[in-house]
Amino acid sequence: MKLLKELCETPGIPGREEKLRAIVRRELEGVVDEMRVDALGNLICVKRAAGKRRLMIAAHTDEIGFMVSHVDDKGFIRLVPLGGHDPRNMVAQRVTVQGKRDLIGLLYPGQKPTHLLTDEERKQQPKVSDFFVDVGLPGEKVKELAPVGSPVTLLRDFAEIGDSVSCKAMDNRLAVYIMIRAMQQAKRFAFETYAVATAQEEVGLRGAQVSAFGVEPDVGVALDITLAVDIPGVPEHERVTQLGGGTAIKLLDSSHIAHPGLVEAFRSLAERR
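What follows is the structure, encoded as structure tokens:
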């Protein structure tokens, strides 16, 4: 759990994944034959083999977050979102503003307190663009310490909850962890294998596309999280995955339809294991 905890708690918004690259590089040093970083920030780790075919395993290192867009005279920080955020989950969340030094702050929508809202106002849901960060410092100090462009990530400690764990950035540090452990524990490599810690997935799959064109694999496998919707409020026919039910093999999503041969191969492997 120590490595997974480190991966999850380490900040890395899209375009600022350098701390995650350092962890992956440290863990795969001596395991692979070559490591390089491309212009977009993908860390490409290569294990040579006798087989001429190329296998690419990709796991993105970035997490959803924000970037400072403005600091007003009172010190309230406005944000540009990076990745998809649900405003219902943002209220009163702690964040870390990574400026000239780390600042701890609270996310809050620019709205009146609940006991001052009218009935009509209570029906309105805040938008992501309504939120600001309060770091509890005077405006001039905040402007000095948190210049425009500073990364902002959620602040959440890694915690064991029953038989599960919880933290920020499980999407997709869990898959990065799995990729690292798979490379470390593999006894042999039949094909030239590329373990790629990709960048900027949360803003449009950018790293995966660039690295795939560079590697030109015969087979590509993307490791990522998916939704566990076995919870109250979700109709039975929409519960396609179940927490604790094993690995999910994705058939399709909004940007990709999986190769049926690979789907069947993974399904068969899962049944044998």
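Taken in order, the sequence shown gives residues 247 to 519; the numbers are from the working numbering.
C-beta: ideal position from N, C-alpha, C; glycine also.
Using the rule of at least 16 other Cβ atoms within 10 Å of the residue's Cβ for burial, across every protein chain shown, is residue i buried or exposed?
{"i": "T439", "result": "buried"}
{"i": "Q488", "result": "exposed"}
{"i": "L311", "result": "The question names Leu, yet the displayed sequence has Gly at residue 311. Answer is buried; the Cβ neighbour count reaches 16."}
{"i": "K389", "result": "buried"}
{"i": "S396", "result": "buried"}
{"i": "I269", "result": "buried"}
{"i": "I426", "result": "buried"}
{"i": "G297", "result": "exposed"}
{"i": "T342", "result": "buried"}
{"i": "E263", "result": "buried"}
{"i": "V337", "result": "exposed"}
{"i": "G345", "result": "buried"}
For a test of the three-state rule: what should DSSP assign to residue i, helix, strand or coil?
{"i": "R300", "result": "strand"}
{"i": "F435", "result": "coil"}
{"i": "M336", "result": "coil"}
{"i": "I426", "result": "helix"}
{"i": "T360", "result": "helix"}
{"i": "V411", "result": "strand"}
{"i": "L451", "result": "coil"}
{"i": "G466", "result": "strand"}
{"i": "E263", "result": "coil"}
{"i": "A458", "result": "helix"}
{"i": "A305", "result": "strand"}
{"i": "L249", "result": "helix"}
{"i": "P506", "result": "helix"}
Quickly, what does DSSP pair residue i with across the bridge? List them, please.
{"i": "F377", "result": "P355"}
{"i": "H316", "result": "R324"}
{"i": "C291", "result": "M281, A441"}
{"i": "D499", "result": "BP columns for D499 are empty, so no partner."}
{"i": "Q344", "result": "D348"}
{"i": "G311", "result": "L328"}
{"i": "L400", "result": "V341"}
{"i": "E517", "result": "Its beta-bridge partners do not exist; DSSP assigns none."}
{"i": "E406", "result": "V411"}
For residue i, which residues of its own chain have a beta-carbon under 8 Å away from its beta-carbon, when the five flanking residues on both sides are left out?
{"i": "P333", "result": "P355, Q371, P372, K373, V374, D376, F377"}
{"i": "R267", "result": "V283, G287, L289, T307, A443"}
{"i": "E367", "result": "Q357, K358"}
{"i": "V467", "result": "L301, M302, I303, A304, L508"}
{"i": "L349", "result": "T342, V343, V381, L383, V388, L391, A392"}
{"i": "L250", "result": "F404, V411, R419, L420, Y423"}
Who are the near neighbours of residue i in its chain, counting only those whose CB is closer than 6 Å to its CB and skipping five residues on each side?
{"i": "A405", "result": "S412"}
{"i": "C291", "result": "L274, V278, M281, A441"}
Within its chain, find whatever has a CB closer than 7 Å to the CB of residue i; leave out the 5 residues flanking it on each side and keep chain order.
{"i": "V277", "result": "M429, Q430"}
{"i": "R324", "result": "S315, H316, F378"}
{"i": "H331", "result": "I310, V374"}
Since residue i and residue j should fall inside the 8 Å C-beta cutoff, what is the C-beta to C-beta distance between them, to a whole number of angstroms?
{"i": "A415", "j": "V314", "result": "Rounded, the Cβ-Cβ distance is 19 Å, inconsistent with contact."}
{"i": "I495", "j": "R513", "result": "6 Å"}
{"i": "E484", "j": "P260", "result": "Between P260 and E484 the Cβ distance is about 29 Å, and since that is not below 8 Å, they are no contact."}
{"i": "L497", "j": "A504", "result": "6 Å"}
{"i": "F435", "j": "K293", "result": "5 Å"}
{"i": "L451", "j": "S501", "result": "6 Å"}
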